[in-house]
Every structure is written in C-alpha cells, then in structure tokens.
Amino acid sequence: MDTLIFLTILVVVFALAFDFINGFHDTANAIATSVSTRALKPRTAVYMAAVMNFIGALTFTGVAKTISKDIVDPFVLENGSLVILAALISAIAWNLITWYYGIPSSSSHALIGSIAGAAISAAGFGILNYSGFLKIMQALILSPFIALAGGFLMMSLFKVVMKNRNLFKQNKRIRYLQIGTAALQSFTHGTNDAQKAMGIITMALIAAELQTSDDIQLWVRIAAATAMGLGTSIGGYKIIKTVGGKIMKIRPVNGAAADLASAAIIFGATLIHLPVSTTHVISSSIMGVGSAQRVKGVKWGVAKKIVMTWIITLPISATIAAIVYQLLALIF
C-alpha cells in the first residue's frame with residue numbers, strides 16, 4: 002500500500018477516534034447541569050445527548066471548513082498527512098489524560114494547539130495562516146468571557162421574570178424546561194465540536210491530493226456524526242461531577258439559565274463559522290449564573306483550577322504534537 006494512502010487512512014481513523022473521545026469528554030459538559038439537578042437521570046441524559054449531537058453534527062459545515070484551511074493551508078503543507086496524524090495523537094493523548102483525572106479541559110484548544118505545533122515542527126512558523134489562526138484564537142479567548150456575562154444576564158433575567166415567585170419552589174416545573182435546554186445544549190455541541198473532526202479529515206484528503214476543494218463530503222459528515230454520537234453514549238461521568246457540582250451548587254433554575262446562555266453562544270459561533278470550546282463556554286456560563294445569584298456561592302478555587310488547565314492546554318498540546326511529528330518523521 003502507498004505510504005500516503007496508509008497515512009491518510011490512519012488520519013481518518015484517529016480523527017474519528019478523536020471525535021469519539023470528544024463525545025464522552027466534552028459532551029459530559031453539555032448535560033452536566035441537567036444531571037446534577039436531577040432533571041434527567043444520567044443514562045437518559047447521555048442517550049438524549051447522543052441523538053442530539055448526531056443531529057447537530059449533520060446540520061452545519063462552516064466550522065469544519067474553518068478548521069480545514071484557516072490554521073494552515075493544506076494545499077501548500079508538505080507532509081500534511083504526517084502533520085495531521087501527529088496533531089491528532091497529541092490531542093487524543095491530552096484529552097485522555099484530562100478525562101482520566103476528571104478535569105474539564107478543552108478538546109478544541111488541544112486540537113488547534115496540536116495542529117499549530119505539528120505544522121511549525123514540520124515547516125517553521127511561516128506555515129501558519131496567521132489571519133485565520135488569530136481569528137480562531139480570538140474566538141477561543143473571548144467566548145468564555147461572553148459566556149460568563151451571558152450566564153449572569155440570563156440568571157438575572159430569570160430572577161426578574163420570576164420576581165413575584167420563589168425561584169426555588171418552582172424547581173419541579175423548571176426541571177421540565179431544563180430537559181429542553183439540555184437537548185438544545187447537546188444539539189449546539191454537535192453543530193460546533195463534531196465539525197472539528199470533519200475539518201481534520203478534509204485537511205488530510207486535500208494533503209493527500211484526494212480532494213481538490215474544501216467541501217465537506219457526505220461520508221465525512223456521517224462518519225464524524227456517528228463517532229460523536231457513539232462517544233456520547235459512553236458518557237463522561239467524572240467531568241459531569243466537576244462541572245455540574247464542584248463549581249457551584251446547581252438548582253434547576255441555575256441549570257436552565259446556564260444551558261440557555263451557553264447554547265446561544267455556541268450556536269452563534271457556529272453560524273459565523275468559528276470553533277469555540279464548549280467546555281469553556283458551559284463552565285463560564287455556570288460561573289456567571291452563580292455570580293448573579295451570589296458571588297460567594299461560586300467555588301472560585303475549583304474555577305481557578307479549571308481556568309489554569311484551559312491556559313496550559315494549548316502550549317502543552319502544541320509541544321507534544323511537535324515532538325510526535327519529529328518521531329513520526331523518523332518512521333515514515
């Protein structure tokens with residue numbers, strides 16, 4: 002078998018593995034609040050999220066095109082398949098490490114950092130598409146702050162709407178609302194996160210000269226959506242525990258407000274073709290909701306630990322990818 006074809010097959014397999022791991026790693030964040038408030042049983046929430054992620058993944062392709070061409074240009078990248086394979090190995094390794102320790106790290110940061118690190122290792126800093134890369138980085142950096150404000154405003158709105166009622170006596174009714182918001186949250190997760198694997202596979206097809214445009218082929222969309230859905234069905238209960246309970250004590254009204262705010266932000270990013278970290282957005286929305294209720298109610302020590310993990314993810318994943326690329330270059 003031709004080496005390039007073999008590497009391309011490996012990339013497809015690893016990209017789908019990344020999507021599968023993303024399913025049980027990041028999707029745990031999408032259903033964390035609904036499980037923590039007992040609006041949904043864990044197994045029910047996981048299966049609902051799997052279906053909604055699958056549907057969301059098939060609906061849009063804009064983020065996939067951004068990933069496929071805005072970090073590096075696959076049409077000019079030499080050893081592109083090897084670069085992409087190194088990036089995937091790095092991102093998967095980091096995701097598994099953080100999942101094992103129950104840390105809600107960002108798959109998006111891990112993947113984007115890994116692509117940049119592997120590409121720089123292969124061809125130097127000049128290979129980066131700086132305008133596109135900076136646009137992606139701006140989205141990743143700004144989205145948590147927007148989510149923090151969004152969560153604060155959404156919870157404040159809930160308090161105004163229900164000002165003549167006891168918020169916490171309405172918990173039973175709000176649990177029904179939260180089932181809907183959790184489904185919406187999972188759908189928007191699919192519209193953004195599943196597309197990253199689609200973009201990676203498309204990059205590999207272009208690098209191997211098996212495709213001449215950045216169009217996302219139907220089989221790529223179906224394969225990525227299926228991998229995301231299957232991964233979601235496995236569930237990520239360690240991360241549900243961290244996001245859903247350790248940041249703050251979450252009641253149904255808090256969960257519904259956080260879900261609505263974060264779903265709106267993720268979907269807005271999808272519409273303008275920008276990848277964001279669902280982990281960052283959801284966790285920040287929860288912090289915003291907690292701040293609107295009572296600033297001291299947010300466990301800022303846990304939040305600080307999560308933020309520090311976000312910060313170190315990109316440089317660590319980039320470094321790992323650079324090393325992995327050099328090792329792979331010795332083999333192939």
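Numbered according to the working numbering, the sequence shown spans residues 2 to 333. Note that the Cβ used here is the ideal one computed from N, Cα and C, for glycine as well. Since the model is a prediction, treat every value here as computed from it, not as a measurement.
What's the C-alpha gap between residue 320 and residue 280?
-> Translated into positions along the sequence shown, residue 320 becomes position 319. Translated into positions along the sequence shown, residue 280 becomes position 279. Near 22 Å, if we compare the C-alpha coordinates of residue 280 and residue 320.
CA nearest to the CA of residue 152, picked from 256, 208, 81 and 197 = Counting from one through the sequence shown, the residue named residue 152 turns up at place 151. For the residues 256, 208, 81 and 197, the minimum Cα distance to residue 152 belongs to 256.
Cα-Cα separation, residue 137 to residue 275 | Along the sequence shown, one-based indexing puts residue 137 at 136. Along the sequence shown, one-based indexing puts residue 275 at 274. Looking at the two C-alpha atoms, the distance is approximately 6 Å.
Using alpha carbons as the reference points, say which of 196, 292, 119 and 253 lies closest to residue 323.
-> Sequence index remark: in the sequence shown, residue 323 carries index 322 (1-based). Ranking the options by Cα distance to residue 323, first place goes to 119.
Measure the alpha-carbon distance for residue 157 versus residue 175 and round it to whole angstroms.
-> For the purposes of this step, residue 157 is taken as the residue at position 156 of the sequence shown. For the purposes of this step, residue 175 is taken as the residue at position 174 of the sequence shown. For residue 157 and residue 175, the distance between alpha carbons rounds to 16 Å.
Whose C-beta lies closer than 6 Å to the C-beta of residue 317 among residues of the same chain, with five residues either side of it excluded?
-> Counting from one through the sequence shown, the residue named residue 317 turns up at place 316. Closer than 6 Å at the Cβ level, and outside the excluded window around residue 317, lies no residue.
Between which two residues does the alpha helix (DSSP H) carrying residue 131 extend?
-> One-based indexing of the sequence shown puts residue 131 at position 130. Element bounds for residue 131: 131–162.
Option nearest residue 188 by Cα separation, candidates 126, 215, 140 and 267 = For the purposes of this step, residue 188 is identified with residue 187 of the sequence shown, where counting begins at 1. Ranked by how close their Cα comes to the Cα of residue 188, the residues 126, 215, 140 and 267 have 267 in first place.
Anticipated Cβ contact below 8 Å, residue 113 with residue 15, distance rounded | On the sequence shown, position 112 is the one that residue 113 refers to. On the sequence shown, position 14 is the one that residue 15 refers to. With 8 Å as the limit, residue 113 and residue 15 do not qualify as a contact, their Cβ atoms being about 16 Å apart.
Which one or two residues does DSSP pair with residue 73 in a beta bridge?
-> Translated into positions along the sequence shown, residue 73 becomes position 72. Looking at the DSSP assignment, residue 73 forms a beta bridge with 129.
Hey, how far is the Cα of residue 84 from the Cα of residue 11?
-> What you label residue 84 is simply residue 83 of the sequence shown in a count that begins at 1. What you label residue 11 is simply residue 10 of the sequence shown in a count that begins at 1. Those two C-alpha atoms are separated by around 12 Å.
Determine the DSSP secondary structure at residue 225, reduced to helix, strand or coil.
-> Along the sequence shown, one-based indexing puts residue 225 at 224. Taken through DSSP and simplified to helix, strand or coil, residue 225 comes out as helix.
Residue 218 in three-state terms, based on DSSP | For the purposes of this step, residue 218 is identified with residue 217 of the sequence shown, where counting begins at 1. DSSP places residue 218 in coil when its eight states are reduced to three.
When the Cα atoms are used, what is the spatial distance from residue 36 to residue 293?
-> Mapped onto the sequence shown, residue 36 falls at position 35. Mapped onto the sequence shown, residue 293 falls at position 292. Spanning the two alpha carbons is a distance of roughly 21 Å.
Thinking C-beta only, is residue 206 closer than 9 Å to residue 221?
-> Position 220 of the sequence shown, counted from the first residue, corresponds to residue 221. Position 205 of the sequence shown, counted from the first residue, corresponds to residue 206. Result yes, Cβ atoms of residue 221 and residue 206 sit closer than 9 Å.
Straight-line CA distance for residue 230 to residue 51?
-> For the purposes of this step, residue 230 is identified with residue 229 of the sequence shown, where counting begins at 1. For the purposes of this step, residue 51 is identified with residue 50 of the sequence shown, where counting begins at 1. Each residue's alpha carbon lies about 4 Å from the other.
Does the segment 54–62 touch the segment 88–102, meaning 3 or more C-beta pairs lie closer than 8 Å?
-> no
Residue 297, DSSP secondary structure in three states = Translated into the one-based positions of the sequence shown, residue 297 becomes position 296. Of the three classes helix, strand and coil, the one that applies to residue 297 here is helix, per DSSP.
Give every residue of the same chain whose Cβ lies closer than 6 Å to the Cβ of residue 70, excluding the five residues on either side of it in the sequence, and list them in chain order.
-> Position 69 of the sequence shown, counted from the start, is the residue given in the question as residue 70. Closer than 6 Å at the Cβ level, and outside the excluded window around residue 70, lie 215.
On a CA-only basis, which of 225, 260, 32 and 109 is nearest residue 154? Give me that one, please.
-> Taking the first residue of the sequence shown as 1, we reach residue 154 at position 153. The residue with the shortest Cα to Cα distance from residue 154 is 260.
Pairwise C-alpha distance: residue 82 and residue 246 = For this step, residue 246 is matched to residue 245 along the sequence shown. For this step, residue 82 is matched to residue 81 along the sequence shown. Confidence at residue 246 is low in this model, with a pLDDT of 49, below 50, so the placement of that residue should be treated as unreliable; the coordinate-derived value is given next. Roughly 41 Å between the two C-alpha positions.
Identify which residue in 130, 302 and 104 has its Cα closest to the Cα of residue 340.
-> The structure shown does not extend to residue 340, since the chain is modelled only from 2 through 333, so no value can be given for it.
Who are the near neighbours of residue 56 in its chain, counting only those whose CB is closer than 7 Å to its CB and skipping five residues on each side?
-> Here the question's residue 56 lines up with position 55 in the sequence shown. Once the five neighbours on either side are set aside, the close Cβ partners of residue 56 are 188 and 191.
At what residues does the alpha helix (DSSP H) containing residue 55 begin and finish?
-> In the sequence shown, the residue the question calls residue 55 occupies position 54. Start and end: 43–60.
First and last residue of the alpha helix (DSSP H) that includes residue 117?
-> Within the sequence shown, residue 117 is the residue found at index 116, counting from 1. From DSSP, the alpha helix (DSSP H) with residue 117 extends over 108–124.
Going by CA-CA distance only, name the one from 18, 217, 53 and 196 that's closest to residue 97.
-> One-based indexing of the sequence shown puts residue 97 at position 96. Among 18, 217, 53 and 196, the Cα nearest to that of residue 97 is on 18.
Please state whether DSSP places residue 246 in a helix, a strand or coil.
-> Counted from its first residue, the sequence shown places residue 246 at position 245. For residue 246, the predicted structure reports a pLDDT of 49, less than 50, and the residue's modelled location is therefore unreliable. A value from the coordinates is still provided. Three-state DSSP puts residue 246 in a helix.
With a 10 Å radius around its C-beta and 16 neighbouring C-beta atoms as the bar for buried, classify residue 3 as buried or exposed.
-> Within the sequence shown, the letter at position 2 stands for residue 3. Exposed.
Pick helix, strand or coil for residue 257, following the three-state DSSP scheme.
-> Indexing the sequence shown from 1 puts residue 257 at position 256. Helix at residue 257.
Cα-Cα separation between residue 87 and residue 265, rounded to whole angstroms = Position 86 of the sequence shown, counted from the first residue, corresponds to residue 87. Position 264 of the sequence shown, counted from the first residue, corresponds to residue 265. In a straight line, the C-alpha of residue 87 is about 33 Å away from that of residue 265.
Do you know how far the Cα of residue 145 is from the Cα of residue 139?
-> The sequence position of residue 139 within the sequence shown is 138, counting from 1. The sequence position of residue 145 within the sequence shown is 144, counting from 1. Just so you know, the alpha carbons of residue 139 and residue 145 end up roughly 11 Å apart.
Find the nearest neighbour of residue 179 within the set 312, 226 and 262, judged by alpha-carbon distance.
-> Within the sequence shown, numbered from 1, the residue matching residue 179 stands at position 178. Among 312, 226 and 262, the Cα nearest to that of residue 179 is on 262.
Assign residue 3 to one of three DSSP states: helix, strand, or coil.
-> Numbered from 1 along the sequence shown, position 2 holds the residue referred to as residue 3. In this structure, residue 3 counts as coil in the three-state DSSP scheme.
State the CB to CB distance for the pair residue 200 and residue 68, rounded to an integer number of angstroms; the pair is presumed to be in contact (CB under 8 Å).
-> Position 199 of the sequence shown holds residue 200. Position 67 of the sequence shown holds residue 68. Right, their Cβ atoms sit about 3 Å apart.
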